[in-house]
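When we follow my numbering, the leftmost residue of the sequence shown carries the number -9, and every step to the right adds one.
Heads up, the beta-carbon is just placed ideally off N, CA and C, and yes, glycines get one too.
Here's the structure we're looking at; comments come further down.
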Amino acid sequence: MQLTSEVVRKSYDDLNALFAVAFGGHIHNGYWYSTDDDSTLHVAMQRLNDLVIEKVAARKGWSVLDLGCGTGELARQFAEKSGCESVGVSNSQVQMAEANAAARAANLDGLAKFQFADAHSLPFPDARFDAALAVESLCQMEDRPRVFSEIARVLRPGGRLVVVDFAERVTISPGQKDFLTAEQQADFMRFGEIGDLFGRAGFHLLESMDLSWNIPLSQATMLEAIRQRRTELSAHYSAEFIDTFEDNWMKISEIFEKHMAYLLLIAEKAPL
Ligand SMILES: C[S@@+](CC[C@H](N)C(=O)[O-])C[C@H]1O[C@@H](n2cnc3c(N)ncnc32)[C@H](O)[C@@H]1O
-9 MQLTSEVVRK SYDDLNALFA VAFGGHIHNG YWYSTDDDST LHVAMQRLND LVIEKVAARK
51 GWSVLDLGCG TGELARQFAE KSGCESVGVS NSQVQMAEAN AAARAANLDG LAKFQFADAH
111 SLPFPDARFD AALAVESLCQ MEDRPRVFSE IARVLRPGGR LVVVDFAERV TISPGQKDFL
171 TAEQQADFMR FGEIGDLFGR AGFHLLESMD LSWNIPLSQA TMLEAIRQRR TELSAHYSAE
231 FIDTFEDNWM KISEIFEKHM AYLLLIAEKA PL
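Quick look at the structure:
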């Protein structure tokens, strides 16, 4: 199965209930201080959000784009904590409906707004935002250089970009990903690609943090969360679907462990 925006769009519509039930609004890894850290999955996932918000380092009056925002937890928290505007986009209609409903319920809809959009062609004017962030979303975008030039276009000169994502440290051979279902397609950045991706779009890398040692507990605790909610999930998915999803999760976890780094990258668009 080829990674395309359409495959990704459909998979997030279909998997929305699974992520909501099992992970409660976060669709990303957790951050643990060490392997002895016994924090829950929810606490660890929240820590990653806090770290991203800290790294955006928004100033009063900023407007921030969350690219591939899931159901909007991070963008809502950002708006609430900073008092700045956040605009989340995702290519899942289901996620956007949920994100807007949650913003309304929290009385944050004046500051946190969500709209359906494809990252390859953003519906915003040039220089609309002061900062952009993308947490575990670039790995699912089929044409990353195009997405980077779109991000650069909608950021003002000197605007900030914060990316959290996997990077392939050890090459994955094509056959190693054959087992992935449509819902699990991804194309991870290669280590050697990162400098070019940012540089060609006019970004200057300011900081790079390797979080690989903070996330190893994620895959197992996320799988456990899915298993614990099996009864609730069976209201939405067949037993066969959940079994395949779980089996693949274990295989993907092995790939993550052997091949992937997990990075937080902070960049700045060249000032005028
Ligand atoms: C793994 S989830 C991460 C969600 C959120 N950033 C978080 O950390 O919880 C990936 C997100 O990227 C979005 N996404 C993937 N490809 C996209 C595209 N081409 N355009 C817009 N959104 C996209 C998905 O819809 C989903 O919301």
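Using only the alpha-carbon positions, how far apart do residue i and residue j sit?
i, j, result
"G189", "S(-5)", "24 Å"
"L201", "F13", "20 Å"
"F119", "A142", "10 Å"
"K50", "G182", "36 Å"
"I242", "L262", "43 Å"
"V152", "L255", "6 Å"
"E158", "D133", "17 Å"
"T161", "T30", "31 Å"
"P3", "D27", "Reading off the sequence, residue 3 comes out as Asp, not Pro. Between D3 and D27, the C-alpha separation is close to 33 Å."
"A172", "I245", "17 Å"
"N39", "E70", "13 Å"
"I305", "F178", "Outside the shown range of the chain (-9 to 262) lies residue 305, about which nothing can therefore be said."
"A176", "F193", "24 Å"
"A34", "T25", "12 Å"
Taking 9 Å as the cut-off, decide whether the C-beta atoms of residue i and residue j are in contact.
i, j, result
"L145", "A124", "no"
"P135", "A191", "yes"
"I205", "Y21", "yes"
"E247", "Q209", "yes"
"N19", "E126", "yes"
"A48", "C74", "yes"
"L207", "L128", "no"
"F106", "V137", "no"
"S53", "R66", "no"
Would you please verify whether the beta carbon of residue i is less than 9 Å from any beta carbon of chain C?
i, result
"N238", "The structure shown contains no chain C; it is built from a single protein chain."
Leaving aside the five residues before and after residue i along the sequence, list all residues of the same chain whose C-beta is less than 6 Å from its C-beta, in chain order.
i, result
"S195", "Note that residue 195 corresponds to Leu in the displayed sequence, not to Ser. Around L195: F188, A257."
"D108", "S(-5), N81"
"R150", "A121, E258"
"A102", "A65, R66, A69, S76, A93"
"L213", "W239"
For residue i, collect the residues of the same chain with a Cβ closer than 8 Å to its Cβ; drop the 5 residues on either side in sequence, then sort them by chain order.
i, result
"N6", "T61, S82, V84, Q85, E88"
"A41", "This sequence places Leu at residue 41; Ala is not what is there. Excluding positions up to five away in sequence, the list reads Y21, L254."
Spatial neighbours of residue i within its chain, please: C-beta separation below 7 Å, excluding the five flanking residues on both sides.
i, result
"K45", "V152, L254, I256"
"D233", "none"
"H249", "E158, R159, V160, I162"
"I139", "Checking the sequence, you will find Ser at residue 139 rather than Ile. These residues qualify, in order along the chain: A191."
| What are the start and end residues of each continuous alpha helix (DSSP H) run of 4 or more residues lying completely inside the region 35 to 121, in chain order? | 63 to 72, 83 to 95
| field | At least 3 beta-carbon pairs within less than 8 Å: the region 5 to 12 vs the region 210 to 223 | value | yes
| In chain order, which continuous runs of the beta strand (DSSP E) of length 3 or greater are located wholly inside the region 230 to 262? | 250 to 259
| field | Contiguous beta strand (DSSP E) assignments of at least 3 residues, all confined to the region 131 to 182 | value | Correct list: 145 to 158.
| field | Residue ranges of each beta strand (DSSP E) within the region -6 to 21, 3 or longer | value | none
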